[in-house]
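So that you can map any letter, position 209 of the sequence shown is 257 in this note's numbering, and since no number is skipped, the others follow by simple counting.
All C-beta atoms in this analysis are idealised placements derived from N, C-alpha and C, irrespective of residue type, glycine included.
Keep in mind it's a predicted model, so treat the numbers as computed, not measured.
What follows is a short report on a single structure.
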Amino acid sequence: MYFGSVRFFKNLILIAVVILIAVPTAFSFSFYFDIKEQKATIASLQEQLAEREKLAEMFTKNEEDLPYQSLYPDFYAPEGYHASLIKDDVIYLTFDDGPSANTDRILDVLKQEEVKATFFVTGRTNTTDLERMKRIVAEGHTIGMHSYSHNYTKIYSSVEAFLDDMYPIFMQIKETTGETPVIFRFPGGSINAYNGDIYQEIIAEMMRRGFVPWDWNISAQDATAKKVTSAQITANVTARAAKVNRGVVLMHDSAAKTATASAVKNIIRELKNKGFTLDKITPELKPIVFPYKD
Ligand SMILES: [Zn+2]
49 MYFGSVRFFK NLILIAVVIL IAVPTAFSFS FYFDIKEQKA TIASLQEQLA
99 EREKLAEMFT KNEEDLPYQS LYPDFYAPEG YHASLIKDDV IYLTFDDGPS
149 ANTDRILDVL KQEEVKATFF VTGRTNTTDL ERMKRIVAEG HTIGMHSYSH
199 NYTKIYSSVE AFLDDMYPIF MQIKETTGET PVIFRFPGGS INAYNGDIYQ
249 EIIAEMMRRG FVPWDWNISA QDATAKKVTS AQITANVTAR AAKVNRGVVL
299 MHDSAAKTAT ASAVKNIIRE LKNKGFTLDK ITPELKPIVF PYKD
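Dropping the structure here:
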């Protein structure tokens, strides 16, 4: 009889020994592979962490290198705009340096002709001009920043100096009109005789804050030293407009520029006759800016 025999007990012991050896071995193997896997996971997490720390370090370093990034923490556009929309056959009339004694005349014409335009304004202390800023916004036009002082040597002496002068016009527009300006125009254009060394840095910093710079591709040439007539100003604009499919017209809104104010009506009519739509600049539009020199 097998059960109860010596051979049975021998085999029983053998099976018990095999189980006693095999089970812990199997466990330790699975444990070993688990640990290996965990080690790999930990290594990859550590790698990711190191990567993030490196990025964080780069960012902090950047701030240390560029201390102006921490200036004026409330000097930011309300949201990020892609500034990438292109509309063909549209021309944007822009008026720099206002408000002035001519602003109301220009606004009257725009109202009559049912056209929206863009005003890049500078800092003001008198209430009449502040009322004009309000009127620009109330009548549906775009108001943009053009610096507070318009003092070339002052604003282009450093990135900090530029921010020091842009922040007060940002605040003045906001407090006077209730509108937060997003677009801006450099006095003298984004690349000029005064900012050669730092214009790229200024553009980068302003764009980091969410603002959109706008130059022009049609100059009314109304800012020249010699007197220009309104007929000449109109001709300057229409001649250039014939060569573009989207255009930004640079004009000036200052007390001395009466010829410009007189030209606005004809400029609008001639551009409309050529098939252009006239509109105001808005933050989602791709800006027209001068090409970088290098
Ligand atoms: Zn200007």
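| Item | Value |
| --- | --- |
| Assuming D263 and T151 make a contact with CB atoms under 8 Å, what is their CB distance in whole Å? | With a Cβ gap of about 22 Å, D263 and T151 do not count as contacting. |
| What residue range does the alpha helix (DSSP H) around F218 cover? | V207 to T225 |
| Output the boundary residues of the beta strand (DSSP E) element that contains Y140. | V138 to D144 |
| Are the Cβ atoms of I231 and V260 separated by less than 8 Å? | yes |
| Determine the closest residue to T142 out of F210, S195 and L326, with distance taken between C-alpha atoms. | L326 |
| Any beta-carbon of chain C closer than 8 Å to the one on V337? | Reference to chain C is not applicable here, since this structure consists of a single protein chain. |
| How would you label V207, buried or exposed, when you count the other beta carbons within 10 angstroms and need 16 or more for buried? | buried |
| Could you say if the segment 88-99 and the segment 183-197 meet the contact criterion of at least three C-beta pairs nearer than 8 Å? | no |
| With DSSP collapsed to three states, give me the class of R183. | helix |
| How about G192 and P235: do their beta carbons lie closer than 8 Å? | no |
| With three or more beta-carbon pairs closer than 8 Å as the criterion, would you say the segment 290-305 touches the segment 122-132? | no |
| How would you call P339, buried or exposed, if buried means at least 16 neighbouring beta carbons within 10 angstroms? | exposed |
| Name the two residues that bound the continuous beta strand (DSSP E) containing L326. | T325 to D327 |
| Evaluate K87 with the Cβ neighbour count: other Cβ atoms within 10 Å of its Cβ, from every protein chain shown; 16 or more gives buried, anything less gives exposed. | exposed |
| Given a cut-off of 8 Å on the beta-carbon distance, is the pair I336 and V296 in contact? | yes |
| Measuring straight from C-alpha to C-alpha, what distance separates S118 and M254? | 13 Å |
| Could you work out which residue in A289, T277 and E179 is closest to K146 when comparing CA atoms only? | Per the sequence shown, the amino acid found at residue 146 is Gly instead of Lys. Of the candidates A289, T277 and E179, the one whose C-alpha sits nearest the C-alpha of G146 is E179. |
| Can you tell me where the alpha helix (DSSP H) holding V285 begins and where it ends? | S278 to A289 |
| Between the segment 193-207 and the segment 244-254, do three or more beta carbon pairs fall short of 8 Å? | yes |
| Please classify T173: does DSSP put it in a helix, a strand, or coil? | coil |
| So, does the segment 157-166 touch the segment 193-200, judging by three or more C-beta pairs under 8 Å? | no |
| Considering Cα atoms alone, identify which of L298, S78, F167 and K291 is closest to T225. | F167 |
| Note down the Cα distance separating N284 from R153, rounded to an integer number of angstroms. | 21 Å |
| If we count the other Cβ atoms within 10 Å of its Cβ and call it buried at 16 or more, is L211 buried or exposed? | buried |
| Could you give the distance in angstroms between the alpha-carbon of Y50 and the alpha-carbon of N59? | 11 Å |
| Indicate, with yes or no, if ligand 1 has a heavy atom lying under 7 Å from the CB of P235. | yes |
| Can you name, in chain order, every residue of its own chain whose Cβ lies under 7 Å from the Cβ of A271, other than the five neighbours on each side? | H300 |
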